[in-house]
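J.: What follows is a single structure, and I will ask about it in a moment.
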Amino acid sequence: MGIEEETRGGLLNPAGLAPLPLYQVSIVNRLTFSWMDRLFRKGWKHPLVFDDLYQIPKRLHTETLANSFFIEWEKQLAAHLNRIPANKETGKRPNPDGKLLRAVVWTLAGKQILSLGIMLVLANLSNLFAPYFVQWILDFTINRYTASLGAPGATAEPLSHGLGLVFGLLILQVVGSFLSNHFIQESAVSAISLRTMMTSVIYRKSLKLASSARQEYTSGNVVNLISTDTNRVEMFINQANYCWTIPLSLAINIAFLINSLGWPAICGVGLLFASAPFQAYLFSLMMKIRGIMAPITGRRVNLTTEVLSGVRVIKFFAWENAFVNKVAGIRESEIALVLRRSKLMAFIMTQGQPLFMLPMVLNTWAEFNVGLRRIEAFLLAAEVESDPVVDPTAEYGILIENGQFEWAGDVYSHGFDKPKAIVQKGRSGPPGGPGSPGGPSGPRGLNSMPNGKISSKQDLIFDPTTASHVSSLKNINLKIKKGDLVAVVGAVGSGKSSLLNALIGEMKTVSGTVTFSGSLSYAAQTAWIQNATVKENVVFGKAYDKLKYLHALVDSALLPDMKVLQDADQTSIGERGINLSGGQKQRVNMARLLYCDSDIVLIDDPLSAVDAH
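Heads up, the sequence shown is in the numbering used here, so the first residue is 161 and it goes up one at a time.
Structure, rendered in structure tokens:
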């Protein structure tokens, strides 16, 4: 078996990287970014690798950023719930429509954004005053020249005055350059930090979605949120200060024009304001096109994700052309809208700076709000039941008292209404088919559970957000002693998997209690494999214990597979375990369960794909 080697740094040991020199150098090095010279020299000598990079400050770590977000999110959510009561008739609250997430973003990044705005204003003022210094230098030169010719009334100003003007112009240019570049750099750090935070939060949320919410948010939806909507947030944070600095710059420029040219400058200013309604109209058209594009892009991403997931079946039945045409048809509709929007943007850009910048920033602001609403709706989606009660002193290992569980439920938590035009309509159909969680049940009850009863209506087409008849488990009373080995046996569709999902919180607990006496591990019927090595799939983020690891491989009969795999336990399994057979994936699943070494183990049909040997 391959043995993982410790390295100085790298992805496996980022703490071993060299510390970031930014906070250890002089003010001059920070102003001029010369602390990056060492990295540039390395890049000139050889291609940069991960070990050449520096440590990220702890305040910018993904975990730190995500934790700070969740703290503020809970505060804003609690305040909103107290402020907005539920409707007495429907029991629903109006959807926040992005207000919650906007408040969180402003609280976490508002002060930094404003401070960067002041930096941008100073940089703009430096650039605005530069022409005045050029004019004063020209006046000084002309006066000196006319005085040298003996022109009447001409006075030669001292040379020191001219040198002072030149030095002042130099200072303005240097200060303006420093401020502009540091503004760009710090804005990028803020924007990327916020995008990293959002990405981490979306990923964490996706791991906790309830079954009803998973009908609304497929993997394609989640990928779209991470790739598209977080990018909108990043783009706006980079440009946020332009929303108020551009109008301010316009006002100062107008004042300078009037001061230099007099009242004739009013004609140009009047033309500027006369074009404002036309600008607003073009902007509204762009927003309308953007609103039409968003769901089309979502459809394309979802379809592409589904095609890639089922590419084997598509190739087997020679359906390539059909699916290519389907994706291309959606893409053509999207491209047509992109072209219309690009034509409007091109026309606006011909009007010059800063006229074209303001509509661009406003467009980014609108897309930012769309992204916030979509991400907020996702964060408000219902989650699996909270961690069950764990009582180490309990008499029974597992105890269910008067349990009632159901698959369907509200898509959104806290009684919020479904947001309009943000997420696609939930797919029709139950969470699963026969024999799967939420599938239609047979007439038989659960074996070894005389009080158990499963009820289900046979209507297969329903909306999980409004369905009144859903697959459920009722009157469940279960006591399993510590150390017992219990098998739940029954016909296909009798609710065996549903019972396990009720225990781990995947099903909504309508009433009753579930109590465990210790830690819990669960292995699903379909092995869950991550795109990593065999060893990483077995250890699964826990501290590596060589003896426990070897025992897990032996007890799960995975050791013989190590001789077959090219790099033993360092073999990269690939997406969804594509490099492993069904039996190998199930053995990896069981090895992970054994390595976890929990007090209570729940296994759903563990030997279905495993060979007899």
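Glycine is no exception: its CB is placed at the ideal position from the N, C-alpha and C atoms.
(1) Work out the CA separation of GLN730 and ALA692 for me, nearest whole Å.
(2) Work out the CA separation of LYS368 and VAL550 for me, nearest whole Å.
(3) Would you decide whether TYR183 is buried or exposed? Buried here means 16 or more other CB atoms lie within 10 Å of its CB.
(4) Let me check understanding here. Comparing Cα to Cα, which of TYR709, LEU719, LYS745 lies closest to LEU754?
(5) With a floor of 4 residues, list each alpha helix (DSSP H) that falls wholly inside the stretch 684 to 750, ordered by position along the chain.
(6) With the cut-off set at 8 Å, would you say ARG747 and ALA717 are in Cβ contact?
(7) Kindly give me the distance between the Cβ atoms of LEU385 and ALA269, rounded to whole angstroms, as I take these residues to be in contact under 8 Å.
(8) What does the alpha-carbon distance come out to for the pair ALA307 and LEU330?
(9) Please go through the same chain and pick out, in chain order, the residues whose beta-carbon is closer than 7 Å to the beta-carbon of PHE343, but skip the five residues on each side of it.
(10) Using only alpha-carbon positions, find the residue among LYS702, ARG501, LEU220 that is nearest to GLU346.
(11) Pull up the distance between the alpha-carbon of GLU555 and that of GLY678, whole angstroms please.
(12) Is it true that the CB of LEU663 sits closer than 8 Å to the CB of VAL674?
(13) Looking only at its chain, what residues have a beta carbon closer than 8 Å to the beta carbon of GLN501, apart from the 5 residues adjacent to it on each side?
(14) Report the partner residues of ILE640 according to the DSSP bridge assignment.
(15) Measuring CA to CA, which of ALA226, ARG190, LEU762 is closest to GLY557?
(16) From ASN242, GLN439, VAL467, THR464, pick the residue whose C-alpha is nearest to that of PHE507; which is it?
(17) Per DSSP, VAL544 forms a beta bridge with which residues?
(18) Leaving out five residues before and five after ALA581 in sequence, what residues of the same chain have Cβ atoms less than 6 Å from its Cβ?
(19) Look at the alpha carbon of SER469 and the alpha carbon of LYS486, and state the distance between them as a whole number of angstroms.
(20) List the endpoints of the continuous alpha helix (DSSP H) containing GLY428.
(21) Which residues in the same chain as GLY531 place their Cβ atom closer than 6 Å to its Cβ, once the five residues preceding and following it in sequence are excluded?
(22) Do you know offhand how far THR315's Cα is from ILE418's?
(23) Roughly how many angstroms lie between the CA atoms of SER379 and ASN462, to the nearest whole one?
(24) Return the CA-CA distance between ASP211 and VAL265, expressed in angstroms with no decimal places.
(25) Terminal residues of the continuous alpha helix (DSSP H) containing THR405?
(26) When you compare only the Cα positions, how much space is there between ASN227 and ALA370?
T.: Taking the geometry as given:
(1) Computed Cα separation, rounded: 9 Å.
(2) If I take the Cα positions, the gap works out to 19 Å.
(3) It counts as exposed.
(4) Nearest option by C-alpha distance: TYR709.
(5) As for any alpha helix (DSSP H) of minimum length 4 sitting wholly inside the stretch 684 to 750, the runs are 694 to 699, 706 to 715, 719 to 724, ordered along the chain.
(6) Cβ atoms of ARG747 and ALA717: closer than 8 Å.
(7) Incorrect: roughly 19 Å between the Cβ atoms, too far for contact.
(8) Using only the alpha carbons, I get a separation of about 26 Å.
(9) Contacts found: LEU276, MET279, LEU280, ALA283.
(10) Residue LEU220 holds the alpha-carbon nearest to the alpha-carbon of GLU346 among LYS702, ARG501, LEU220.
(11) Spanning the two alpha carbons is a distance of roughly 11 Å.
(12) In contact: VAL674 and LEU663 (Cβ atoms closer than 8 Å).
(13) Residue identity check: residue 501 is Arg in the sequence provided, not Gln. MET446, ILE449, ARG450, MET453.
(14) Answer is ILE558.
(15) Of ALA226, ARG190, LEU762, the residue nearest in Cα terms is LEU762.
(16) Closest option to PHE507, Cα to Cα, is GLN439.
(17) Answer by DSSP bridge pairing: none, since VAL544 is not bridged.
(18) Summary for ALA581: the model assigns pLDDT 45, below 50, so the residue's position carries little reliability, and this model does not support an answer.
(19) CA-CA distance, SER469 to LYS486, rounds to 16 Å.
(20) Taken as a continuous stretch (DSSP letters only), the alpha helix (DSSP H) holding GLY428 covers 425 to 434.
(21) Taken in chain order, the residues that qualify are ASP389, ARG392, VAL393.
(22) Cα-Cα distance, rounded: 28 Å.
(23) Between SER379 and ASN462, the C-alpha separation is close to 8 Å.
(24) Taking C-alpha positions only, ASP211 is separated from VAL265 by approximately 33 Å.
(25) If you look at THR405, you'll find it in the alpha helix (DSSP H) that goes 402 to 421.
(26) Those two C-alpha atoms are separated by around 22 Å.
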